[in-house]
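In this note's numbering, the protein residues as written are 144 to 282.
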């Protein structure tokens, strides 16, 4: 999970994520822990009109450069819906611990999340691409 800073989620992303959670709840193979974690995060978010969300905020389909504080390793990932993850090594599902932790935070924030190896922390170095800043995902 994240530190308890304010997170911003576009109203469009919120609607899509909420629908996704409800649809996946009906699926017998859904991971309830992942769905619950994401549901808690989006419910505590401040909802923002997509055309008003800050361009340095991580939204769905954003491309983000981050650094793992434990190892110093840097990586660039795209935050995607679960059905879009795994096609390339650079995509990460919003249902993953890291994906859920990144949603709604901005450049410069440090986020924490739990993995099978224990608690991890990353810093968001750069938002390379955000759909809303490019006129996408506005409705």
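Think of the CB as a built atom: it goes at the ideal place given N, C-alpha and C, for glycine as much as any other residue.
Predicted model only: the values in this text are computed from it and were never measured.
Item	Value
Per-residue DSSP class, three states only, for residue 170	coil
Residue closest to residue 259, alpha-carbon to alpha-carbon, out of 185, 235, 149 and 240	240
Same chain, Cβ closer than 7 angstroms to residue 251, neighbours up to 5 away in sequence not counted	267
Other residues of its chain near residue 247: CB distance less than 6 angstroms, five sequence neighbours each side excluded	150, 151, 152 and 188
Coarse secondary structure for residue 213, derived from DSSP in three states	coil
Buried versus exposed, by CB contacts within 10 Å (16 or more), residue 271	exposed
N-terminal and C-terminal residue of the beta strand (DSSP E) that residue 183 is part of	Run containing residue 183: none in the beta strand (DSSP E); it sits in the alpha helix (DSSP H), 175-187.
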